[in-house]
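Report on one structure; see the data block that follows.
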Amino acid sequence: MARKDFLDIASLSREEVDLLLDQATPFKELFTRSVKKVPALKGKSVLMLFYEPSTRTLSSFEVAAKRLSADVIELDVPHSSVTKGETVKDTVDTLQAMRADYIVVRHEMSGLPQAIARQTQASVINAGDGAHAHPTQALLDAFTLREVFPKLSGRKVLLAGDILHSRVARSTSRLLLKLGVEVGFLGPGSLVPQSGPEEIARFTNFDEALGWAPDAIYLLRVQMERQEAQYFPNLQEYHRVYGVTRERLDLIRGEGIYIMHPGPVNRGVELC
Numbered sequence: 006m007a008r009k010d011f012l013d014i015a016s017l018s019r020e021e022v023d024l025l026l027d028q029a030t031p032f033k034e035l036f037t038r039s040v041k042k043v044p045a046l047k048g049k050s051v052l053m054l055f056y057e058p059s060t061r062t063l064s065s066f067e068v069a070a071k072r073l074s075a076d077v078i079e080l081d082v083p084h085s086s087v088t089k090g091e092t093v094k095d096t097v098d099t100l101q102a103m104r105a106d107y108i109v110v111r112h113e114m115s116g117l118p119q120a121i122a123r124q125t126q127a128s129v130i131n132a133g134d135g136a137h138a139h140p141t142q143a144l145l146d147a148f149t150l151r152e153v154f155p156k157l158s159g160r161k162v163l164l165a166g167d168i169l170h171s172r173v174a175r176s177t178s179r180l181l182l183k184l185g186v187e188v189g190f191l192g193p194g195s196l197v198p199q200s201g202p203e204e205i206a207r208f209t210n211f212d213e214a215l216g217w218a219p220d221a222i223y224l225l226r227v228q229m230e231r232q233e234a235q236y237f238p239n240l241q242e243y244h245r246v247y248g249v250t251r252e253r254l255d256l257i258r259g260e261g262i263y264i265m266h267p268g269p270v271n272r273g274v275e276l277c
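The structure is reproduced here in structure tokens:
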């Protein structure tokens with residue numbers, strides 16, 4: 006598997022996905038060791054270029070790079086020349102002089118990691134671009150599900166919430182379909198796109214979605230920062246109709262259905 010960049014799930018074959026998931030297993034075992042490092046990336050440098058706020062993704066990439074013995078450089082975007090009007094292109098040109106081996110990019114603009122990849126010799130990893138894609142989150146989701154269900158093919162996963170604005174929903178649903186998983190979408194009609202793969206089941210009623218008998222429900226955060234229109238009356242009504250209330254939680258637990266969430270969680274909205 007020789008690729009310069011990792012920008013989207015669509016570029017991966019089923020065989021490549023299986024290879025990545027298989028290789029992730031021994032690396033997870035690092036967490037149980039007294040010395041949590043291997044020299045896989047010794048002498049390599051990883052540049053973190055995050056234009057959007059992040060806790061989980063940024064820290065996960067930093068921990069992963071350091072445990073593989075890479076040198077990590079984090080650009081403090083809020084205090085960089087970006088605040089003085091420097092363009093992304095000029096920033097990347099400047100950073101290119103540092104000869105970073107990998108650049109991990111998160112940006113609110115869809116397609117920007119692809120543009121950066123064309124501009125630099127470094128390998129670019131997409132850590133989330135607008136509402137377009139979040140391929141590494143999708144791999145993590147598939148890895149997590151495979152630990153619970155060693156044979157994923159034929160399982161059912163329901164993605165519930167703000168599908169329309171979710172890069173996680175796009176990447177994770179595409180990857181799960183690639184792995185033979187049956188995928189369903191649940192949410193208000195205004196937030197469940199009708200375009201996309203025809204094999205995805207679509208629901209606007211929680212009870213009907215539960216009748217589909219999912220093995221796991223993947224809750225998605227309502228992304229207020231990306232919404233420009235009123236997609237539902239209010240957050241309280243959203244929670245009542247589409248959220249996992251305490252009553253639904255008891256029912257879901259009773260059915261042995263797993264609940265997942267990429268974080269951050271809006272308590273009282275998508276989850277009680």
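When the letters of the sequence shown are read in order and numbered with our numbering, they come out as residues 6 to 277. In this text, a Cβ means the ideal position worked out from N, Cα and C, and glycines have one as well.
- The C-beta distance from A138 to R175 rounds to 6 Å, short enough to meet the 8 Å contact threshold.
- Counting along the chain, no beta strand (DSSP E) covers E57, and no H or E run does either.
- Distance check between A127 and each of M103, A147, P140, Q142 places M103 closest, using alpha-carbon atoms only.
- Residue pairing for K161: DSSP places it in a beta bridge opposite E187.
- Here V270 is exposed: its Cβ has fewer than 16 other Cβ atoms, across all protein chains shown, within 10 Å.
- Here A214 carries a helix assignment [DSSP, helix/strand/coil].
- Note that the segment 67-75 does not touch the segment 145-161; fewer than 3 beta-carbon pairs, one per stretch, sit closer than 8 Å.
- Under the 8 Å Cβ criterion, the segment 212-232 counts as touching the segment 154-166, having at least three qualifying pairs.
- Here DSSP, grouped into helix, strand and coil, assigns H137 to coil.
- The three-state reading of DSSP puts H112 in strand, counting E and B together.
- DSSP, reduced to helix, strand and coil, places S128 within a strand of the structure shown.
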